[in-house]
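The next block holds one structure in the form of structure tokens; read it before the comments.
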Amino acid sequence: MSLLDKIDKENVPQHIAIIMDGNGRWAKSRGLDRTEGHREGAVSVRKVVEAATKAGVKFLTLYAFSTENWCRPEEEISTLMELMVYTVAKETDNLIKNGIRLHCIGDIQRLPENTRNALCRCIEQTSSGENLTLVLALSYSSRWELVNAAKAIAAGVKNGVLDENSITEETVNEYLTTKDMPELDLLIRTGGEIRISNFLLWQAAYSELYFTDIFWPDFDEERLYEAILDFQKKERRFGKISEQLEKGNP
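Everything in the sequence shown is counted per my numbering, starting at 500 for the first residue and increasing by one.
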């Protein structure tokens with residue numbers, strides 16, 4: 500029996516984000532080139548996206564390429580970009596069939612033109628999907644996002660569009676790349692590291708964190724369901740105490 504059958508469909512995290520770590524180490528442990536780990540990791544993406552859809556998740560954000568990843572060897576970056584173009588083109592029909600809409604966040608203009616064009620085509624072709632929004636964080640870092648938000652807010656104040664005394668958390672949210680997404684409920688990291696590596700720092704303020712030693716290429720449907728079941732065991736208090744939640748007090 501699949502763990503999917505044990506999930507409470509009334510308490511499914513609506514927004515899950517994943518730091519997909521361990522592709523290179525997975526390949527190295529098998530005597531393979533790092534690029535083979537990335538190729539196998541792309542297979543896991545498909546499995547997890549389909550699993551998230553079955554579970555009733557509405558937003559799935561994947562940390563696919565950080566701003567810091569531009570410092571990696573040029574050959575690896577080139578392979579990653581080529582793999583992205585190939586995978587996006589290959590999976591577009593499947594995304595449409597399953598009602599999955601693609602969206603991207605990050606400094607997309609830094610991506611090679613062919614990669615950017617492939618993503619834009621897929622985003623346009625899948626725009627009517629209503630079952631799941633798949634968000635790829637590409638050339639993304641949370642500090643980059645927060646700096647850009649601060650600049651935009653400062654410009655708004657300078658131009659008289661914003662009153663500095665009326666700036667709230669909601670104001671900041673409106674200037675983030677995730678402004679049209681629900682709150683982040685669950686952040687998963689594979690690969691054994693216990694940190695969030697400059698990913699969705701603002702958005703993860705009250706999300707549940709789930710770390711696993713499993714390398715990303717080995718993270719499949721059942722692993723995702725395990726993480727969701729772990730999420731459903733948590734009491735999410737958001738600064739309150741248990742008694743307030745039990746009594747329904749504000």
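Think of the CB as a built atom: it goes at the ideal place given N, C-alpha and C, for glycine as much as any other residue. In this text the structure is predicted, and so the values were computed from the model without any measurement.
Specify the secondary structure class of Thr632 as computed by DSSP and reduced to three states.
strand
Quick one: what's got a C-beta closer than 7 angstroms to Thr614's C-beta in the same chain, skipping five residues either side?
Correct list, in chain order: Met580, Met583 and Val584.
Cutting at 6 angstroms between CB atoms, please list the residues of its own chain near Glu640, excluding the five before and the five after it.
In the sequence on display, residue 640 carries Ser and not Glu. Excluding residues within five positions, the ones whose Cβ falls inside 6 angstroms are Ser565, Thr566 and Asn697.
On a Cα-Cα basis, can you pick out the residue from Tyr674, Tyr562 and Asn597 that is closest to Leu645?
Tyr674
Can you find at least 3 beta carbon pairs, one from the region 706–726 and one from the region 653–668, that sit closer than 8 angstroms?
By the Cβ criterion, the region 706–726 is not in contact with the region 653–668, since fewer than three pairs of Cβ atoms, one from each stretch, lie closer than 8 angstroms.
Can the beta-carbon of Ile727 be found closer than 9 angstroms to that of Pro572?
Not a contact, by the Cβ cut-off of 9 angstroms.
Taking its Cβ as the centre, do 16 or more other Cβ atoms sit within 10 Å of Ser577, making it buried, or is it exposed?
exposed
Distance check for Leu561 and Gly523, CA to CA, integer angstroms please.
17 angstroms
How is Phe698 classed by DSSP in three states: helix, strand or coil?
coil
CA-CA distance, Ala541 and Tyr705?
When rounded, the distance between both Cα atoms is 29 angstroms.
Please state whether the Cβ-Cβ distance between Asn597 and Asn630 is less than 9 angstroms.
yes
Would you give the residue range spanned by the beta strand (DSSP E) that Thr560 belongs to?
Start and end: Phe558 to Ser565.
What are the boundary residues of the alpha helix (DSSP H) that Ala653 is part of?
Ser641 to Lys657
Checking 9 angstroms against the spacing of the C-beta atoms, do Gly690 and Ile518 come in under that value?
Yes, they are a contact pair.
With DSSP collapsed to three states, give me the class of Glu692.
coil
Do you know whose CA, among Lys508, Ala588 and Trp643, lies nearest Asn616's CA?
Ala588
Can you list, in chain order, the stretches of the beta strand (DSSP E) that have 3 or more residues and sit fully within the region 501–542?
514–518
For Ile687, which residues from the same chain have a beta carbon less than 6 angstroms from its beta carbon, with the 5 sequence-adjacent residues on both sides left out?
Ile517, Tyr709 and Ala726
Following the continuous alpha helix (DSSP H) through Ile622, name the residue where it begins and the one where it ends.
Glu612 to Gln624
Taking the alpha-carbon of Leu699 as reference, which of Leu503, Cys570, Asp592 and Val634 has the nearest alpha-carbon?
Of Leu503, Cys570, Asp592 and Val634, the smallest CA-CA separation from Leu699 is found for Val634.
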